[in-house]
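Numbering (UniProt numbering), first residue to last: 1 to 180. Virtual Cβ for every residue (Gly too), placed ideally from N, Cα, C. Only a predicted model underlies this, so the values are computations on that prediction, with no experimental measurement involved. Here is the structure we will look at.
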Amino acid sequence: MEVEADSSTPANNLLDETFQDLFKQHYAPVVRKVMILVKEQSIAEDIAQEVFMKLYHTDRSTINNLSGWLTKVAVNTAYNHIRTEQRHRARTMKQESYERIETGLVEDKYMALEDIQDVQQILMKLPERDRDILLMKFSGYSYEEIAKTKGVEKTSIGALLVRAKNRFKKIYLEERTETE
Numbered sequence: 001m002e003v004e005a006d007s008s009t010p011a012n013n014l015l016d017e018t019f020q021d022l023f024k025q026h027y028a029p030v031v032r033k034v035m036i037l038v039k040e041q042s043i044a045e046d047i048a049q050e051v052f053m054k055l056y057h058t059d060r061s062t063i064n065n066l067s068g069w070l071t072k073v074a075v076n077t078a079y080n081h082i083r084t085e086q087r088h089r090a091r092t093m094k095q096e097s098y099e100r101i102e103t104g105l106v107e108d109k110y111m112a113l114e115d116i117q118d119v120q121q122i123l124m125k126l127p128e129r130d131r132d133i134l135l136m137k138f139s140g141y142s143y144e145e146i147a148k149t150k151g152v153e154k155t156s157i158g159a160l161l162v163r164a165k166n167r168f169k170k171i172y173l174e175e176r177t178e179t180e
């Protein structure tokens, strides 16, 4: 004995409607619901198409409330899209920050190298005694060691250092005004 399906039940009505009719009837409402979440028409349309692809591959006889099912799938798909975009933005920002740090480090190294070259050029313009005293002091030598090496009194090293620094500063400032 065969049981005849009741064509008045919602599931059977869903089966009777063609997919194209379902698409035409529900596409615009799905897009509007998704637009509330994603705020961009083209993305909302892409998500709506994805929702209808899921509907196409789903056994419609298992769906009791098509509008509810479409809304649920649309909202979940939109949230998945939003999460994916957030992860993508986070990765992009992280990569950009690494690139800025890398670029900054290269620029800092270049600037430091330029500064070293400038200092070396200025030192070469100083009298030999001034250059030696400055280099020794900034290399960690004590006043006593500098005095012995240069053959001067330990008490005069402070004054010699001040004069050497002043000459260095004068040349440095002169060269900066020439290049600007």
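Count the other C-beta atoms from every protein chain shown that fall within 10 angstroms of the C-beta of residue i, then say buried if there are 16 or more, exposed otherwise.
i	result
residue 78	buried
residue 159	exposed
residue 90	exposed
residue 113	exposed
residue 55	buried
residue 146	buried
Taking just the CA atoms, how far does residue j sit from residue i?
i	j	result
residue 20	residue 35	22 Å
residue 81	residue 58	21 Å
residue 93	residue 157	54 Å
residue 123	residue 174	14 Å
residue 22	residue 70	11 Å
residue 140	residue 176	28 Å
residue 169	residue 108	23 Å
residue 143	residue 115	26 Å
residue 127	residue 171	12 Å
residue 68	residue 87	29 Å
residue 208	residue 96	The requested residue 208 is not part of the displayed model; the chain covers only 1 to 180.
residue 99	residue 42	31 Å
My understanding is that residue i touches residue j, with C-beta atoms under 8 Å, so please give their C-beta distance in whole angstroms.
i	j	result
residue 154	residue 129	15 Å between Cβ atoms; not a contact.
residue 33	residue 73	That pair is no contact at about 10 Å.
residue 40	residue 31	No, residue 40 and residue 31 are not in contact; Cβ-Cβ is about 11 Å, not under 8 Å.
Check whether the stretch 157-176 and the stretch 125-145 touch, using three or more Cβ-Cβ pairs below 8 Å as the test.
Flag = yes, the stretch 157-176 and the stretch 125-145 touch.
Meets three-Cβ-pair contact criterion under 8 Å: the stretch 46-60 and the stretch 20-28
The answer is yes - the stretch 20-28 touches the stretch 46-60, with three or more Cβ pairs under 8 Å.
Could you name each continuous beta strand (DSSP E) segment of 3 residues or more that falls completely within the stretch 19-49, going from the start of the chain to the end?
Correct list: empty.
Minimum length 3: unbroken beta strand (DSSP E) runs contained in the stretch 84-160:
You should have found no qualifying run.
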